[in-house]
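Novice: Residue numbers (our numbering): 112 to 432. Would you mind keeping the following structure in view while I ask a few things?
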């Protein structure tokens with residue numbers, strides 16, 4: 112401003128008088144001057160340039176060049192900042208898409224038929240939309256122990272692990288770490304989730320839909336074990352914690368969603384939490400499973416909280432069958 116005010120040779124310049132209409136109309140009100148100035152600033156900053164307000168001399172040209180350069184830099188920075196925010200906010204979505212693309216490449220490389228490829232992609236789209244695509248324990252390990260235990264207690268109460276009889280001997284925050292290992296899966300209607308005699312490696316919780324659990328034999332291996340309808344909030348399949356092969360089959364009657372908890376994940380949590388004595392806790396879990404199996408309790412009822420129907424079944428354990 113000091114430099115501009117010293118240029119006395121430009122007495123008729125709107126730069127010196129602060130009025131873009133100085134030459135055209137000396138009687139313009141202050142209100143209209145503000146509107147005109149704002150209009151000029153917007154048109155120049157965003158390099159639109161309608162041409163109705165133009166520089167008439169070198170001083171005005173210098174000022175307009177400075178405004179245009181400032182506006183260009185500001186506009187570029189603004190676009191970059193918005194793009195960065197959109198990219199960061201959609202990072203999870205981008206990771207999910209990348210996982211689906213990997214599945215598509217897998218189907219192509221294995222030359223799977225179209226119906227089977229569609230089924231693979233549908234299941235994986237659901238799987239990655241419902242499960243965390245990044246390493247949860249990497250995030251958790253970066254937190255201080257007090258925060259980790261608080262998160263563990265919350266997850267233990269939020270999900271079924273806090274009240275499930277199998278894990279009653281574990282500390283609360285360890286039950287929360289086991290809850291981190293839950294994975295959501297889906298299964299179409301009239302399909303088998305597993306068959307009797309297969310090697311089992313996971314237990315399940317019915318989240319939505321209805322399934323049919325078929326027991327060929329009872330605990331003693333005699334007679335017909337019967338069929339049991341599995342509905343929302345019921346846990347099954349834990350028998351394989353003490354047995355190698357499945358003692359039952361499960362078939363979906365409707366489209367169903369499940370929480371899946373693998374036995375290896377349970378062992379991994381125990382080994383990380385109790386490196387020297389994890390076997391003691393593992394034996395206690397197996398003892399509880401043995402007691403349930405001895406009494407033919409192949410299903411545990413987990414009572415869901417009275418919130419929305421879309422909430423996961425998180426729970427008070429009740430024995431059934």
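The beta carbon of each residue, even a glycine, is placed where N, CA and C say it ideally should be. Owing to the predicted nature of the structure, the values given are computational and were not obtained by experimental measurement.
Near residue 214, what residues of its chain come up, given a Cβ to Cβ distance below 8 Å and the 5 sequence neighbours on each side ignored?
Specialist: Result list for residue 214: 231, 232 and 235, in chain order.
Novice: Could you give the distance in angstroms between the alpha-carbon of residue 257 and the alpha-carbon of residue 303?
Specialist: Distance between the alpha carbons of residue 257 and residue 303: 43 Å.
Novice: So, is residue 308 buried or exposed, given that buried needs 16 or more other C-beta atoms within 10 angstroms?
Specialist: Burial call: exposed.
Novice: When burial is assigned at 16 or more other CB atoms within 10 Å of the CB, is residue 119 buried or exposed?
Specialist: A caution first: residue 119 carries a pLDDT of 47, below 50, which makes its placement in the model too unreliable to give a value.
Novice: In chain order, which beta strand (DSSP E) runs of at least 3 residues are fully inside the stretch 203-236?
Specialist: You should have found no qualifying run.
Novice: Within 10 Å of its beta-carbon, does residue 300 have 16 or more other beta-carbons around it, so buried, or fewer, so exposed?
Specialist: Result: exposed.
Novice: Could you tell me which whole alpha helix (DSSP H) segments of length 4 or greater appear in the stretch 248-319?
Specialist: Counting only runs of 4 or more, we get 256-269 and 283-291.
Novice: Would you call the stretch 392-399 and the stretch 364-382 in contact, with 3 or more CB pairs under 8 Å?
Specialist: Yes: at least three Cβ pairs fall under 8 Å.
Novice: For residue 432, which residues in the same chain have their Cβ closer than 7 Å to its Cβ, ignoring the five residues on either side in sequence?
Specialist: Interpretation of residue 432 is limited by its pLDDT of 35, a score under 50 that renders its predicted location unreliable; no figure is taken from the coordinates.
Novice: Locate the alpha helix (DSSP H) running through residue 379, then write down its first and last residues.
Specialist: Per DSSP, residue 379 belongs to the alpha helix (DSSP H) from 374-384.
Novice: Taking contact to mean 3 or more Cβ pairs, one atom from each stretch, closer than 8 Å, check whether the stretch 281-300 and the stretch 368-380 are in contact.
Specialist: Short answer: they touch.
Novice: For residue 394, which of helix, strand or coil comes out of DSSP?
Specialist: Three-state result, residue 394: helix.
Novice: Quick check: the Cα distance between residue 358 and residue 191, rounded to an integer number of angstroms?
Specialist: Going by the C-alpha atoms only, they are around 59 Å apart.
Novice: Considering just the uninterrupted stretch of the beta strand (DSSP E) at residue 347, what are its terminal residues?
Specialist: From DSSP, the beta strand (DSSP E) with residue 347 extends over 345-347.
Novice: Figure out for me which residue from 350, 185, 248 and 155 has the closest Cα to the Cα of residue 174.
Specialist: When each option's Cα is compared against that of residue 174, the closest is 155.
Novice: Please look up how many angstroms separate the CB atoms of residue 183 and residue 158, rounded, as I've assumed it's under 8 Å.
Specialist: Right, the Cβ-Cβ distance comes to about 6 Å (below 8 Å), so this counts as a contact.
Novice: Quick one: what does DSSP say residue 116 is sitting in, helix, strand or coil?
Specialist: Low per-residue confidence applies at residue 116: pLDDT is 42, beneath 50, and the placement is therefore not dependable, though the value from the model is reported in the following sentence. If DSSP states are grouped into helix, strand and coil, residue 116 belongs with the helices.
Novice: Please identify the residue among 181, 263 and 161 whose C-alpha is closest to the C-alpha of residue 248.
Specialist: When only C-alpha atoms are compared, the closest one is 263.
Novice: Grab me the residues of residue 277's own chain with a C-beta within less than 7 Å of its C-beta, minus the 5 sequence neighbours each way, in chain order.
Specialist: Excluding positions up to five away in sequence, the list reads 349, 396, 399 and 400.
Novice: To the nearest angstrom, report how far apart residue 195 and residue 321 are at their CA atoms.
Specialist: Between residue 195 and residue 321, the C-alpha separation is close to 44 Å.
Novice: Residue 374 and residue 312 - do their beta-carbons sit closer together than 7 Å?
Specialist: Yes, they are a contact pair.
Novice: Which same chain residues end up closer than 8 Å to residue 353 when comparing Cβ atoms and leaving out the 5 residues on each side of it in sequence?
Specialist: Excluding residues within five positions, the ones whose Cβ falls inside 8 Å are 397, 400, 401 and 404.
Novice: Alpha carbons only, please: which of 388, 228, 170 and 371 is nearest the one belonging to residue 242?
Specialist: Selected option, being the one with the closest Cα: 371.
Novice: With a 10 Å radius around its C-beta and 16 neighbouring C-beta atoms as the bar for buried, classify residue 439 as buried or exposed.
Specialist: Only positions 112 to 432 of the chain appear in this structure, which leaves residue 439 out of reach.
Novice: Using three-state DSSP, classify residue 370 as helix, strand or coil.
Specialist: Residue state, collapsed to three classes: strand.
Novice: Using the Cα positions of residue 164 and residue 204, report the straight-line distance between them to the nearest angstrom.
Specialist: Cα to Cα, the separation comes out at about 47 Å.
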